[in-house]
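If you're matching positions, the sequence shown starts at 5 in my numbering and goes up one per residue.
Backbone N, C-alpha and C fix where the C-beta goes; we use that ideal spot for every residue, glycine too.
Step one of this worksheet: look at the structure below.
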Amino acid sequence: MVDTLARIAFLKKIHLFYGLEDDELEVIADMMDEIPVAEGEVVFKQDSNSEYFYMIYSGSVRIARKLKGHEIQLAVLVKNDYFGEMGLIAKRKRSGTVTVTSDAILLAFNRKNFDELFKRNVQLRLNLDVAVRSRELARSLRFKWLRDDEVVYFMARKHRIVLYEKLIPPILSLILPAAIFYAWFFIASFFIVAFAGFLSLLAVVGWMIWTVIDWGNDYYVVTNQRVVWLEKVVGIYDSRQESPLSTILSVGVETGQLGRILDYGNVIIRTFVGKIPFNQVTHPEQAQHMIEEYWNRTKEHAVGVEKEAMKNAIRKRLGLQPPKSERGFGESTPISKRAETPPKRSSGSLALLKFLGSNTLKLRYESGEDVYYRKHWMVLILQAWIPFGGTLGMLLLFIYRLIQLAFDPLQSLFMFENGFSMDTWALVYILSFVPFVLWLLYEVIDWSNDKFEVTNEQIIDIDRKPFGTETRNAAQLESILGTNYERRGLLGNIFNYGTVYITVGGSKLAFEDVIDPATVQSDIDRRRMARRAQKEQGAINAERERMAEWLATYHRSSRDFFEEENKNNRKPE
């Protein structure tokens with residue numbers, strides 16, 4: 005039986021009850037029902053009635069959903085997690101089945117107590133609202149980079165006010181097509197005027213759609229293992245900044261006057277390797293408390309893991325079998341136990357589609373754990389403006405010639421009077437168009453083949469010429485002495501691109517003309533610090549093994565030492 009004081013201490017660790025006084029927590033503690041559940045038992049089944057909201061006092065549970073005959077694991081929840089709130093809030097049946105994976109004690113609110121508690125307390129309702137929004141958004145999305153054993157606790161987009169602010173310029177731009185259509189109706193009723201109005205309207209509508217998609221592509225995520233900032237600009241930029249929960253140093257909130265009125269602001273997460281900002285999120289204080297809860301749980305778990313690791317190291321030296329341990333908060337399943345699907349071999353057509361796909365022109369993209377950068381588009385423009393201008397010019401001249409032929413009844417594109425022949429000017433434009441297109445294609449491939457890669461172990465500068473040589477320079481992350489960046493010239497400052505210099509020993513590597521060099525530098529430094537932390541952890545593990553060997557030796561020799569001491573004490577003086 006869990007007593008009231010233990011229940012209050014338990015509630016204080018959960019972000020839902022942040023800000024409540026002890027007397028309020030005592031009332032809440034007395035409202036909860038204690039439900040012991042053995043391993044393998046089902047708490048509730050999918051499509052059953054929603055009657056309780058559960059919190060896990062001890063043990064763990066697995067949540068799964070059957071969809072089209074297949075079972076999908078949604079999450080594995082552990083101590084201090086909660087579940088069952090979605091069905092009570094939406095007043096619907098259960099969306100999944102919850103099975104206990106290790107003997108558990110659940111503290112539960114029935115529907116009446118749940119409704120009474122969260123309706124009368126504004127603070128609790130706000131705290132719960134953030135959690136519900138996060139779970140709804142997480143269920144609607146499934147990122148490929150999430151591990152099978154990773155649980156999403158917090159997920160948010162920027163506040164809608166940010167979208168509305170970004171939509172102001174395109175909305176104001178509607179004045180242009182309106183003015184053109186006005187001129188077409190009342191001043192100059194020419195087809196070209198109407199066509200210009202249609203094109204301008206199409207451009208503004210496209211701008212609006214692109215703005216909405218761009219706003220919806222930025223996500224802030226907290227899982228049981230890491231904090232993640234996803235930023236994507238459609239077709240241009242794809243960024244994922246992340247840090248393990250164990251590297252967090254502090255969590256703060258920044259708000260402006262409007263943000264305090266509308267309840268949105270920035271949540272700043274500072275880590276060993278920099279900061280990850282959650283910009284303009286709804287309910288920032290509640291989001292801060294959620295992140296702090298999972299950060300504190302990680303710290304508590306890390307202390308326990310270190311103690312258990314020392315015990316197991318000593319057991320190993322003494323030839324004892326270590327006890328079976330459960331996977332704790334934030335621990336990932338060993339790779340050997342994960343179900344991995346073998347990579348599929350792509351056919352030639354799929355390879356071509358991949359080449360022509362979304363990463364071909366991206367300035368930053370990710371593949372697995374590796375990050376790739378390309379030179380800015382301005383470099384491509386300066387490099388390929390002649391073939392591009394020639395291609396565009398020949399295309400426009402060809403279209404102009406087609407229009408001429410369409411309005412001249414004496415001429416046509418193809419003639420069959422004295423055998424097959426083609427209009428001379430159209431043929432000249434087509435023949436001139438082909439080499440310009442090939443030249444332009446060569447320049448694009450040449451630009452696309454120059455990549456800068458950052459992995460978990462090294463940085464790589466790849467320079468590859470189409471049908472030519474390839475140069476590859478690499479350096480280990482731990483050998484980097486320092487980084488700096490420069491934005492040079494008017495174009496570099498206007499379009500935010502520059503060169504990141506990486507000092508390695510007595511030489512330098514340069515990531516030239518990359519977009520947002522400050523972020524590139526931050527990515528490199530973050531990977532470098534993570535690599536250094538990994539090396540330091542290896543040294544700590546080695547020191548632990550050495551200490552365990554000493555303690556095991558002492559334990560094995562303690563009886564001999566005791567007998568020697570007694571023998572010496574019995575010797576006559």
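Grouping DSSP H, G and I as helix and E and B as strand, with all else coil, what is residue i?
| i | result |
| --- | --- |
| methionine 5 | coil |
| isoleucine 18 | coil |
| asparagine 53 | coil |
| lysine 236 | strand |
| glutamine 77 | strand |
| phenylalanine 276 | coil |
| arginine 129 | helix |
| valine 82 | coil |
| threonine 459 | coil |
| alanine 200 | helix |
| asparagine 283 | strand |
| isoleucine 191 | coil |
| alanine 552 | helix |
| methionine 59 | strand |
| methionine 36 | coil |
| lysine 358 | In this prediction, lysine 358 scores a pLDDT of 49, lower than 50, which makes its location untrustworthy; the coordinate-derived value is nonetheless stated afterwards. Helix at lysine 358. |
| proline 470 | coil |
| asparagine 114 | strand |
| proline 338 | Per-residue confidence for proline 338 stands at a pLDDT of 44, beneath the threshold of 50, marking its modelled position as unreliable; the derived number appears in the next sentence. It is coil, neither helix nor strand. |
| valine 155 | coil |
| threonine 259 | coil |
| lysine 95 | coil |
| glutamate 45 | coil |
Could you name the residues of the same chain whose beta carbon sits closer than 7 angstroms to that of residue i, not counting the 5 residues immediately before and after it, in chain order?
| i | result |
| --- | --- |
| glycine 486 | Thr507 |
| arginine 342 | Residue confidence is low: arginine 342 scores 41 on pLDDT, short of 50, so the model does not pin down where it sits. No coordinate-derived value is stated. |
| arginine 548 | Ala313, Met314, Ala317 |
| glutamate 258 | Gly269, Asn270, Ile272 |
| lysine 348 | Residue confidence is low: lysine 348 scores 45 on pLDDT, short of 50, so the model does not pin down where it sits. No coordinate-derived value is stated. |
Just to check my reading of the structure: residue i and residue j have Cβ atoms closer than 8 angstroms, yes? What is that Cβ distance to the nearest angstrom?
| i | j | result |
| --- | --- | --- |
| alanine 479 | leucine 513 | 6 angstroms |
| alanine 112 | isoleucine 67 | Not quite, the Cβ-Cβ distance comes to about 16 angstroms (not below 8 angstroms), so this is no contact. |
| arginine 368 | isoleucine 519 | 7 angstroms |
| aspartate 107 | glycine 63 | 5 angstroms |
| isoleucine 32 | leucine 121 | 7 angstroms |
| valine 134 | valine 41 | Contact flag wrong, Cβ pair sits at about 28 angstroms. |
| glycine 91 | serine 54 | 3 angstroms |
| glutamine 127 | glycine 23 | 5 angstroms |
| alanine 306 | serine 250 | 6 angstroms |
| arginine 244 | tryptophan 149 | 7 angstroms |
| lysine 303 | tyrosine 376 | The Cβ separation is near 34 angstroms, so there is no contact. |
| aspartate 51 | arginine 11 | Wrong, their Cβ atoms sit about 31 angstroms apart, outside the cutoff. |
Please state if the CB of residue j and the CB of residue i are separated by a distance shorter than 8 angstroms.
| i | j | result |
| --- | --- | --- |
| glutamate 2 | valine 226 | Because the chain spans 5 through 577 in this model, residue 2 falls outside it and cannot be assessed. |
| methionine 35 | asparagine 117 | yes |
| asparagine 453 | arginine 476 | no |
| glycine 201 | proline 181 | yes |
| histidine 293 | histidine 19 | yes |
| aspartate 517 | histidine 380 | yes |
| threonine 215 | lysine 170 | yes |
| isoleucine 252 | tryptophan 188 | no |
| methionine 426 | phenylalanine 420 | no |
| aspartate 37 | asparagine 114 | yes |
| valine 136 | asparagine 228 | no |
By Cβ distance, which residues of its chain are closer than 6 angstroms to residue i, with the 5 residues on each side in sequence left out?
| i | result |
| --- | --- |
| tyrosine 86 | Met59 |
| isoleucine 464 | Glu457, Ala478 |
| leucine 178 | Val208 |
| asparagine 545 | none |
| asparagine 500 | Asp520 |
| asparagine 221 | Lys236 |
| arginine 535 | Leu481, Glu482 |
| valine 80 | Arg66 |
| alanine 13 | none |
| leucine 384 | Trp451 |
| leucine 234 | Tyr223, Arg244 |
| isoleucine 76 | Arg69 |
For residue i, collect the residues of the same chain with a Cβ closer than 8 angstroms to its Cβ; drop the 5 residues on either side in sequence, then sort them by chain order.
| i | result |
| --- | --- |
| glutamine 525 | Thr487, Asn488, Tyr489, Val504 |
| isoleucine 165 | Leu262, Leu266, Tyr268, Gln284 |
| phenylalanine 359 | Reliability of the predicted coordinates at phenylalanine 359 is poor, the pLDDT of 47 falling under 50, and no value is obtained from them. |
| phenylalanine 402 | Ala430, Tyr433, Ile434, Phe437 |
| phenylalanine 194 | Trp188 |
Does any residue of chain D have a CB that is nearer than 8 angstroms to the CB of residue i?
| i | result |
| --- | --- |
| glutamine 50 | The displayed structure is made up of one protein chain only, and chain D is not part of it. |
- [ ] Assess, as a yes-or-no matter, whether the segment 430 to 445 is touched by the segment 391 to 408 under the definition of 3 or more beta carbon pairs within less than 8 angstroms.
- [x] yes
Task: Any 3 or more C-beta pairs closer than 8 angstroms across the segment 549 to 568 and the segment 311 to 319 - done: yes
TODO: Pair every Cβ in the segment 40 to 54 with every Cβ in the segment 86 to 105, then say whether three or more of these pairs are closer than 8 angstroms.
DONE: yes
Open item on the list: With three or more beta-carbon pairs closer than 8 angstroms as the criterion, would you say the segment 262 to 280 touches the segment 138 to 147?
Closed with: no
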